[in-house]
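Protein chains: 2
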Amino acid sequence: MLPGHHVSSWRYQGTKKEHLFNLKFLAAQAKLAEKGKFDMIFLADQLNINDPTSTGFEQTLNIMYEPFTLLGALAAVTEKIGLVGTASSTHNEPYNVARKFASLDQLSEGRSGWNVVTSGQLLESKNFSDEQPLAHRERYERAEEFVEVVTKLWDSWEEDAIVYDQSSGKAIDSSKVHSIHHKGEWFSVRGPLTVPASKQHRPIIIQAGSSESGKELAAKTAEVVFTAAQTIENAREFYRDLKGRLVKYGRQRDDLKIMPGVFIIIGRTEEEAKHKKQQLLDLVPEEAGLARLSEHLEFDLKGYPLDGPLPKLPSIEKVSGTQSRVELLKKVAEENNFTIRQLYQHIAGARGQRELVGTPEQIADDLQLWFKTEAADGFNILPSHFPDGFQDIVDLLIPELQRRGLFRREYEGDTLREHLGLKTPPNHFIRLSE
Amino acid sequence: MLPGHHVSSWRYQGTKKEHLFNLKFLAAQAKLAEKGKFDMIFLADQLNINDPTSTGFEQTLNIMYEPFTLLGALAAVTEKIGLVGTASSTHNEPYNVARKFASLDQLSEGRSGWNVVTSGQLLESKNFSDEQPLAHRERYERAEEFVEVVTKLWDSWEEDAIVYDQSSGKAIDSSKVHSIHHKGEWFSVRGPLTVPASKQHRPIIIQAGSSESGKELAAKTAEVVFTAAQTIENAREFYRDLKGRLVKYGRQRDDLKIMPGVFIIIGRTEEEAKHKKQQLLDLVPEEAGLARLSEHLEFDLKGYPLDGPLPKLPSIEKVSGTQSRVELLKKVAEENNFTIRQLYQHIAGARGQRELVGTPEQIADDLQLWFKTEAADGFNILPSHFPDGFQDIVDLLIPELQRRGLFRREYEGDTLREHLGLKTPPNHFIRLSE
């Protein structure tokens with residue numbers, strides 16, 4: 001998140017060292033997001049930083065908040081906005097993950113969401129006593145069972161299980177609290193959870209995998225999907241594909257919302273926006289650019305000429321992490337005939353997401369087209385830098401979308417589930433007993 | 001924590017269903033603790049609730065916050081008070097635990113602490129794919145290495161590692177960020193952590209084990225120890241014993257603070273205090289009392305006559321959980337010739353901790369004696385019920401301690417380490433490179 005999505009955002013005017021881990025500053029950003037009537041604040045996560053001896057380490061602000069301590073804090077300073085954290089299904093236990101989100105859901109009165117990731121990075125596995133990451137397929141098998149266990153745990157308390165009858169001394173209706181007795185390939189978990197159901201019944205499940213197994217997992221379990229489509233054709237194809245997979249899991253089209261990522265730089269004129277982008281690019285240290293590109297490709301580019309082409313990369317099946325990201329980057333380089341420098345500049349901000357640089361009207365035109373033609377149900381907005389880049393989005397882009405009737409002027413509900421217009425999935429245990 | 005430490009606190013006047021998971025209410029309690037100039041707020045934790053079909057399940061408010069979401073929220077609404085959470089060294093990975101506390105430490109500007117527990121309950125292990133808890137000895141071996149890994153990760157960022165030189169483009173001084181390359185019996189962890197060092201350098205480490213392995217672990221690693229001594233003689237013996245063990249780990253007497261637990265009920269007169277206690281006892285449903293006692297003894301007492309003696313219990317080596325607690329309870333029952341009912345009433349509030357029921361002066365006399373005669377460096381205060389029981393402590397007991405010059409009137413420092421008067425332990429990596 002901070003100081004921004006652009007790799008050189010920390011050098012940009014207005015960003016400050018004092019903002020790092022500063023709760024007052026973070027609270028102000030969260031309140032700004034709420035003023036903008038966003039559905040949710042989303043914290044990405046990764047369970048490692050780069051090797052301190054690697055290229056670009058010194059030029060990159062390579063730190064990462066732990067999502068839950070921050071989301072808990074933001075719950076205390078906001079009223080309506082959803083609070084979404086990332087948690088790995090590979091380097092965690094489902095009981096711990098279920099509890100964290102359920103507890104955040106209680107404290108925020110129904111505003112939490114879980115972005116499920118499978119953590120394929122080598123340096124992540126090395127922080128968890130594994131010499132190698134699990135293979136892609138195993139990660140997804142584990143993730144599927146992990147999500148199943150977590151949702152069962154969330155369902156282990158029916159909504160009216162707490163009786164709290166002070167005079168009779170009955171605190172809980174035990175018929176509405178369920179041991180889950182899960183026994184599977186990866187986990188055996190007895191339950192119940194230690195935390196009762198919240199106002200939105202259960203946290204929202206979010207995913208971003210675009211590989212074949214990622215899409216199947218999403219179709220089966222996700223309520224929101226983040227994706228990184230570059231063109232409207234690709235986005236529509238992904239939309240059609242993923243929505244089409246829902247029916248075989250007994251789900252309806254509206255049970256899953258698709259939100260492509262957009263990295264945004266706004267100017268009051270097109271020139272101003274382009275100038276900001278150029279300023280940010282000019283601030284990218286070569287080492288930092290090369291480091292980020294190497295990380296995204298999972299291939300160390302150190303020593304290759306910056307103004308030459310990409311070298312031949314290992315075949316895609318060898319990629320342990322985000323296969324779809326690597327594939328997309330190779331395609332972009334090929335189609336545009338990019339040098340290494342051009343390619344790292346291309347992802348310096350957007351990290352492989354689509355980039356929109358322009359006036360509020362231009363950006364709104366683009367988002368409107370995607371939204372109206374089944375390329376997107378909404379967007380995962382990535383501000384280039386905080387606070388100013390985000391302030392521009394709230395002050396300039398959101399009002400333009402509101403004027404067009406494309407975006408809410410006020411929150412209509414209280415929970416994240418209501419903001420997203422999602423139904424509560426049926427409870428595992430109520431279904432069983434019917 | 002809520003609605004109080006007494007098993008029937010939820011039925012007591014002034015406690016309310018609406019307080020559960022209510023962030024405004026919780027924030028008010030935290031602010032009250034800060035008004036009382038407490039060192040820290042401590043959240044206990046356990047990774048299970050009882051079986052919904054077990055005795056007393058319906059009569060016990062058997063729920064548990066996840067500590068980090070709540071501590072994050074409390075960081076946002078307090079300024080000075082320490083924020084201490086419990087995390088298990090058995091059902092977690094050290095990288096995740098190190099990160100959570102480091103992140104809370106950043107967001108709270110140096111106010112976090114970790115209460116290390118080893119989770120010996122059978123129902124806990126069943127939530128984590130284990131049929132049986134690890135044996136006592138293995139839990140402590142794992143805990144020792146776990147703490148070592150966590151502290152190395154906390155040390156992986158030296159304090160001035162973030163340079164943030166916007167003009168030169170140097171964000172980080174890589175010579176001050178260390179991969180830890182830990183390889184041990186239980187864990188292999190590469191590091192560095194994703195979160196830099198905070199204002200107090202590293203979170204405070206707290207423990208409560210009173211078994212032989214517990215005391216050794218504490219002497220080696222803990223900065224605060226919670227204990228459950230019933231008599232001043234036992235407390236002094238524990239104090240002498242534990243402080244005496246420090247030297248072999250190269251530590252000094254003041255590097256570890258000993259804080260016995262005290263469960264407190266205050267009245268403006270002694271009669272009022274006793275009356276409150278009796279009211280609370282009268283509200284204990286038999287099933288709930290029996291359930292808590294069974295849980296503490298790790299032995300199901302269902303079916304035994306409430307007004308008869310304790311049956312013969314399995315020998316202490318068979319206890320997988322908190323051996324010292326079981327031992328203490330058996331001793332109390334024996335010495336007082338308690339029936340099952342008397343024993344569950346005895347622990348209904350104090351949970352095996354010492355109980356103080358009286359006027360502020362009486363309670364202050366007792367605490368003063370312990371504090372002045374090497375039985376305690378401080379106390380872990382357990383209020384019987386929230387909000388009123390805690391309000392009494394802040395409004396009546398704290399001022400009495402302040403009048404006697406035994407307790408601060410204002411915070412003198414900003415960090416938990418400063419409140420406790422603890423030095424920063426030497427950094428693993430700076431030592432290595434000297």
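Keeping their order, the protein sequence lines are chains A and B. Note that the UniProt record's numbering has the first sequence beginning at 1, numbered continuously upward. Note that the UniProt record's numbering has the second sequence beginning at 1, numbered continuously upward. Ideal Cβ positions, reconstructed from N, Cα and C, are used throughout, including at glycine. The structure displayed is predicted, hence computed values, not measured ones.
Are the beta-carbon atoms belonging to residue i and residue j less than 8 Å from one another?
i                     : j                : result
His5 (chain A)        : Ser384 (chain A) : yes
Gln207 (chain B)      : Leu217 (chain B) : yes
Leu74 (chain A)       : Ala27 (chain A)  : yes
Asp51 (chain B)       : Ser179 (chain A) : yes
Glu58 (chain A)       : Lys170 (chain B) : yes
Thr90 (chain B)       : Ser119 (chain B) : yes
Ile347 (chain A)      : Arg292 (chain A) : yes
Phe390 (chain A)      : Leu43 (chain A)  : no
Gly378 (chain A)      : Lys257 (chain A) : yes
Gly110 (chain B)      : Phe68 (chain A)  : no
Ser112 (chain A)      : Phe128 (chain A) : no
residue 438 (chain A) : Ile49 (chain B)  : Outside the modelled stretch of chain A, which goes from 1 to 434, sits residue 438 (chain A), for which no answer is possible.
Leu406 (chain B)      : Ile363 (chain B) : no
Leu104 (chain B)      : Leu83 (chain B)  : yes
Asp366 (chain B)      : Leu382 (chain B) : no
Per DSSP, residue i is paired with what?
i                : result
Ser112 (chain B) : B:Leu83
Ile266 (chain B) : B:Gly358
His201 (chain A) : A:Ser198
Leu122 (chain B) : Answer is none; Leu122 (chain B) lacks a bridge partner.
Thr90 (chain A)  : Its beta-bridge partners do not exist; DSSP assigns none.
Lys257 (chain A) : A:Val224
Pro309 (chain B) : B:Thr339
Trp157 (chain B) : B:Val177
Ser188 (chain B) : B:Lys183
Gln132 (chain B) : Bridge partners of Gln132 (chain B): none, in fact.
I need the boundaries of the alpha helix (DSSP H) containing residue i, first residue and last residue.
i                : result
Pro94 (chain A)  : 94-107
Tyr344 (chain B) : 340-350
Thr221 (chain B) : 212-221
Asp388 (chain B) : 388-392
Val163 (chain B) : That residue, Val163 (chain B), is in no alpha helix (DSSP H); its beta strand (DSSP E) goes 162-165.
Gly250 (chain A) : Careful: Gly250 (chain A) lies outside any alpha helix (DSSP H) and carries neither H nor E.
Leu301 (chain B) : Here Leu301 (chain B) belongs to no alpha helix (DSSP H), and DSSP marks it neither H nor E.
Leu328 (chain B) : 323-336
Leu416 (chain B) : 416-420
Glu34 (chain A)  : 23-35
Name the two residues that bound the continuous beta strand (DSSP E) containing residue i.
i                : result
Thr234 (chain A) : According to the sequence displayed, residue 234 (chain A) carries Asn and not Thr. That residue, Asn234 (chain A), is in no beta strand (DSSP E); its alpha helix (DSSP H) goes 232-245.
Glu146 (chain B) : Residue identity check: residue 146 (chain B) is Phe in the sequence provided, not Glu. Not the beta strand (DSSP E): Phe146 (chain B) falls in the alpha helix (DSSP H), residues 136-154.
Ala171 (chain B) : 170-172
Val177 (chain A) : Note, Val177 (chain A): premise wrong, no beta strand (DSSP E); not H, not E.
Ile398 (chain A) : Ile398 (chain A) -> not in any beta strand (DSSP E); alpha helix (DSSP H) instead, spanning 398-403.
Thr227 (chain B) : 224-227
Asn380 (chain B) : 380-383
Leu71 (chain A)  : Where Leu71 (chain A) is concerned, there is no enclosing beta strand (DSSP E), although the alpha helix (DSSP H) it sits in stretches over 67-77.
Phe42 (chain A)  : 40-43
Could you check if residue i is buried or exposed, using at least 16 other CB atoms within 10 Å of its CB as the buried criterion?
i                : result
Val247 (chain A) : exposed
Gln278 (chain A) : exposed
Asn337 (chain A) : exposed
Thr308 (chain A) : The sequence shown places Gly at residue 308 (chain A), rather than the Thr named in the question. Exposed: under 16 other Cβ atoms inside 10 Å.
Arg354 (chain A) : buried
Pro305 (chain A) : exposed
Ala350 (chain A) : buried
Asp241 (chain B) : exposed
Ala135 (chain A) : exposed
Ile316 (chain A) : exposed
Asp254 (chain B) : exposed
Ile172 (chain B) : buried
Using 7 Å as the cut-off, classify the Cβ of residue i as near or not near the heavy atoms of the ligand MG, replying yes or no.
i                : result
Leu280 (chain B) : This structure does not include the ligand MG; it has no bound ligands of any sort.
Cβ contact check for the segment 359-375 of chain B and the segment 12-26 of chain B: 3 or more pairs under 8 Å: Judged by Cβ distances under 8 Å, the segment 359-375 of chain B makes no contact with the segment 12-26 of chain B, as fewer than three pairs qualify.
Segment contact, 8 Å Cβ cut-off, at least three pairs: the segment 402-419 of chain B with the segment 197-212 of chain B: Yes, they touch.
Meets three-Cβ-pair contact criterion under 8 Å: the segment 150-167 of chain A and the segment 96-112 of chain A: The segment 150-167 of chain A, when compared against the segment 96-112 of chain A, does touch it at the 8 Å Cβ threshold.
The segment 260-268 of chain A touching the segment 393-409 of chain A, judged by at least three CB pairs closer than 8 Å: In short, these stretches touch, since the Cβ pair count reaches three.
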